[in-house]
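Take a look at the structure set out below.
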Amino acid sequence: MKGSAQAAREAALSSACAHAVVSGAGTAAAAGPGAVQNAVTVDVEDYFQVSAFRRLVRYDDWGRMESRIERNTAKALDLLSQFDLCGTFFVLGWVAERFPRLVRAICARGHELGCHSYAHRLVYEMTPQEFRDDTQRAQRAIENAAGVPVHVYRAPSFSITSRSSWALEILLELGFTADSSIFPLRLGPLDGRFPYGWPGAPRRPFRLRVSSGDLREFPLPTFRFGPWTLPATGGAYLRLWPYAFQCRRLGQFEEQGSPWVLYFHPWELDAQQPRMAASIGARAGHYARLAQTEQLLRRLFRRFRFGKLSDLAVKESRTWRASGASP
Ligand SMILES: [Zn+2]
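Counting from 203, one number per residue, gives the positions in the sequence shown under the working numbering.
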């Protein structure tokens, strides 16, 4: 049973997001270019908080760094507004505590708020209790800033994998109903950094069954290349793959009537950000073609339809158990 306070907060969210451009949520009846509504998602973190730089800028030093999160998130908001798009913003709890006005500005523009952890720690490097505490702290920080409930989650660097599947039970326990943390592939460790991916997980949105209930899961888009499964777009892949190449891969989702999830970060719209003395591999992924990000996003926004994550359809027939047993 929902408490009256929670019901009131959810009503406030619906009202705040009433002007969202979401018509015919989910998949359209006919498949084909532009027929499917996909999701656009933004991971709201500053340029120095990424996993690739975690050994260079420690959590205790975050407060001493030059913050560029407000201006960069404003760029993302303006870009989406130009296309009348509402998406899902996964906010870092640390950011929500220090920039509550920013969180309110995201919500006021009609976007959905999600949780991107508190301190950007990789899930599989935490104990279940640490994950619970981190997630709860972030959820409260975002909810306190915006005054609306937060029920969608994305793990830092897609770090919910088969090693950390226990996190899914905890998300349910904390009231989350949807997640977008699973990359259905095996990647890394790249350049001695963090590995991610859950090979064998479905490549389209599905209902994820764990012992205490179900989560709606929105995996990141991939494509098959010979024996490999590779990321199709988003973040560094958006900047590194040739545009026409990723467009063809994403078009295949549409031909099958399946929505897919785009992700990017505010710092990817900031080619002037300070440069970190990181390894060649880390710098290659973080700084490659930053000046192209906005143009690439514009092209995708013209080519495909986008909305919020929670508006995507999950076909009930696609159920997958976290243990890895396919239906
Ligand atoms: Zn992140």
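All C-beta atoms, glycine included, are put in the ideal place defined by N, C-alpha and C.
Owing to the predicted nature of the structure, the values given are computational and were not obtained by experimental measurement.
Rounded to whole angstroms, residue 346 and residue 491 show a C-alpha spacing of 36 Å.
At a cut-off of 7 Å, the beta-carbon of residue 359 counts as near ligand 1: some heavy atom of the ligand is closer than that.
Inside the region 311 to 377, DSSP marks whole beta strand (DSSP E) runs of 3 or more residues at positions 314 to 317, from first to last along the chain.
Residue 523 is bridged by DSSP to 411.
Only exposed fits residue 286, as fewer than 16 other CB atoms lie within 10 angstroms of its CB.
In the DSSP assignment, residue 509 forms a beta bridge with 241. In the DSSP assignment, residue 281 forms no beta bridge with any residue.
For residue 412, same chain residues with a beta-carbon under 7 Å away, outside a window of 5 residues either side, are 370, 371, 374, 524 in chain order. For residue 447, the enclosing alpha helix (DSSP H) stretches over residues 445 to 457.
With a minimum length of 3 residues, the unbroken runs of beta strand (DSSP E) contained wholly in the region 460 to 519 fall at 463 to 466, 507 to 509. Residue 297: member of the alpha helix (DSSP H) spanning 295 to 300, first to last residue.
Sorting 265, 323, 280 by C-alpha distance to the C-alpha of residue 300 places 265 at the top. With three or more CB-CB distances shorter than 8 Å, the region 457 to 469 counts as touching the region 417 to 426.
Residue 467 and residue 437 do touch by the CB rule: their CB atoms are close to 7 Å apart, below 8 Å. Taking 8 Å as the cut-off, the Cβ atoms of residue 386 and residue 405 count as close. When DSSP states are grouped into helix, strand and coil, residue 403 belongs to the coil group.
Sorting 472, 325, 329, 489 by C-alpha distance to the C-alpha of residue 480 places 489 at the top. Within a 10 Å sphere around the beta-carbon of residue 363 sit 16 or more other beta-carbons, which makes this residue buried. By the CB criterion at 8 Å, residue 246 and residue 271 fall inside the cutoff. As DSSP reads the structure, residue 398 sits in a beta bridge with 389. Apart from the 5 residues on each side of it in sequence, residue 379 sits with its Cβ closer than 6 Å to the Cβ of 353 in its chain, given in chain order. Assignment of residue 260 by DSSP, reduced to helix, strand and coil, places it in the coil class. Excluding residues up to 5 positions away in sequence, 468, 469, 471, 472 lie with their Cβ nearer than 7 Å to the Cβ of residue 274 in the same chain.
When the beta-carbon positions are compared, residue 397 and residue 514 stay at least 8 Å from each other. Annotated three-state conformation of residue 287 is coil, per DSSP. Judged by their CB atoms, residue 305 and residue 357 are not nearer to each other than the 8 Å cut-off. At least 8 Å separates the beta-carbon of residue 361 from that of residue 336.
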